[in-house]
Each structure stands twice: as C-alpha cells, then as structure tokens.
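Take a look at the structure below.
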Amino acid sequence: MSTKKNNILLIALLLVAQWAFSQTAEPTFYGKIVVDSASVENINVLNSRTQKATVTNAKGEFSMGVKIGDLLILSSFNLETKRKFVRAEDLRGELILLKMTLLANELDEVKVQQSEITAESLRIPTATKHYTPAERKVRTATTGLLDPLFNKLSGRTRMLKKQVLVEKNEKLLLKLDGLYEDKYYTDVLKIPNDYIGGFQYYIVEDPDFARALVDKNKTLTMFYIKKLAVDYVDLIKQEEAEAAKSTETQK
11 MSTKKNNILL IALLLVAQWA FSQTAEPTFY GKIVVDSASV ENINVLNSRT QKATVTNAKG
71 EFSMGVKIGD LLILSSFNLE TKRKFVRAED LRGELILLKM TLLANELDEV KVQQSEITAE
131 SLRIPTATKH YTPAERKVRT ATTGLLDPLF NKLSGRTRML KKQVLVEKNE KLLLKLDGLY
191 EDKYYTDVLK IPNDYIGGFQ YYIVEDPDFA RALVDKNKTL TMFYIKKLAV DYVDLIKQEE
251 AEAAKSTETQ K
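Count along the sequence shown from 1, then add 10; that gives the number in the numbering used here.
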C-alpha cells in the first residue's frame, strides 16, 4: 500500500515539475536567413533583451529562446544589419524567413597623407589612451604595413569594429538599468511592455542619447528618449503592417 502511495506521489511531483518548467521555459523562435548570392552561414543573431547570441548554420537556419516583443538583431560583416521584432505569430513552430541585403564591398582609394607636425613627432608627452580588449584588436588590425589592407578586404576590420560597438552598448545598458521604471516606458513613452528590452537596446545605439547618458545629463537624456520612443513606436507599427501584408499575400 505504501509503495502505491509513493508511486502516486512521485507521479504527482513529476507532473508539478513539468508544469512549472512549462511556465518558465521561453518559446523558441525558428528562423532562416535568405541572402542573394552570399553565404548564409555564421550570421550573428542577438536577442537584445537577454543579450544571448547564436549563429546560423550552413542553411542559414537558427533557433533561439525568446518572448513576444523581443528585438532580434541579425548582423554579419558583409550584410546590412537587420532588426526583427518577435510577434505571437512567429512562435507557432514554423520557420520564419528573414531577408537580408548584401553590402557593397567597396575598397576605398588608398591616399598618401602628407606628414603633419604632431605631439608624437615632436616627442611631446601625451596622455596614454587605455583600450578595451575589443578596441585593441581593432587597433592591431588597422595599423602596420600590409595588415590593414588584408583585413579590410577580408571584412575582419568591420567585424572587430562591431565587437567594439557591442561592448560599448553593454556598458550603456548597465548605466540605463534602473534609471526608469517599466511604468515610465509603458505609460509615458507608450512602449508596449513586451518591447521594453528591445527599446532599451535601440536607444543606446543612438549617439546623441548615448552621449547624454554617459555625461549624466538628465535633461538631454529625457529629451532624446522621448524622441526615440516616437520613432520606435512607428517601427513597431511598420513591422505589424508588413506582417499583416505578408499574411494577406500568403492567403
């Protein structure tokens, strides 16, 4: 009898655990990137809310845990960056096709610069610049004799500069964290609750807002965040309109 009770208790615990997991587990977004005449492998996919990232496989496919309203940022050194808002319709387990555009790979004309009188040439001591790890990689890739040319042709310099940008954005997000309550985003800025994380990533990419945030200028920060909120809400509406149009076309 006791064995039967133990089995029933065990089954009940397993059911409760399964239910709890289903409540906390994030749904999965399945995507496939499509690019004309270019490789779709190893394209970076970043969830701006969680800061988790993945890369596409040889077919351009990827999967990622998300929530409705998350902003996915798709990037590669040879492609134009694409942003994708996650909607409820995207989480039905179907593969979502995402079109990306190839960047024109133009090699700038090499110009011989005239020598200038600088503090370094006159051996005047100057303040030492401290580089972050990502900035040091960019400096290494863009100095020397032949390295800059090879790195530019291969796209490595562009990739390293993007790493610096991601690093700076992460620092800005830390400064922004806790600065405004969620209620301010939803009630004042009219940002849907599910889109708050994506909006935060969006605004730290704006140079004017980023400068005001670093300078701790509350007046300018408030001015720019309201302006950017209007633009962001418009982006959401455009995304929803395009999704509705795509649905009608498929019918």
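Cβ atoms here follow ideal geometry from the backbone N, Cα and C, with glycine treated the same way. The structure presented is a predicted model; accordingly, all values stated were derived computationally and were not measured.
- Look at Asn227 here: in three-state DSSP terms it is coil, with no helix or strand label.
- Contact annotation: the stretch 80–100 does not touch the stretch 235–243, with fewer than three C-beta pairs closer than 8 Å.
- In this structure, Val76 sits away from Asn54, with a CB-CB distance that is not shorter than 8 Å.
- Between Lys255 and Leu182, the alpha-carbon positions lie close to 36 Å from each other.
- Boundaries for Gly103: no alpha helix (DSSP H) harbours it, and the DSSP string shows neither H nor E there.
- For Lys178, the three-state secondary structure derived from DSSP is helix.
- Collapsing the DSSP output to three states places Gly75 in a strand.
- A residue is called buried once 16 or more other Cβ atoms fall within 10 Å of its Cβ, and Leu81 is buried on that count.
- When C-alpha distances from Leu112 are compared across Lys62, Gly103, Glu99, Asp46, the shortest belongs to Asp46.
- Comparing C-alpha distances from Leu184 to each of Leu107, Tyr211, Ala98, Ser73 shows the shortest one belongs to Tyr211.
- Cβ contact annotation for Leu107 (same chain, cutoff 7 Å, sequence separation greater than five): Lys42, Val44, in chain order.
- Its chain contains Ala239, Val243 as the residues whose beta carbon lies nearer than 8 Å to that of Lys200, once the 5 sequence neighbours on both sides are disregarded; these appear in chain order.
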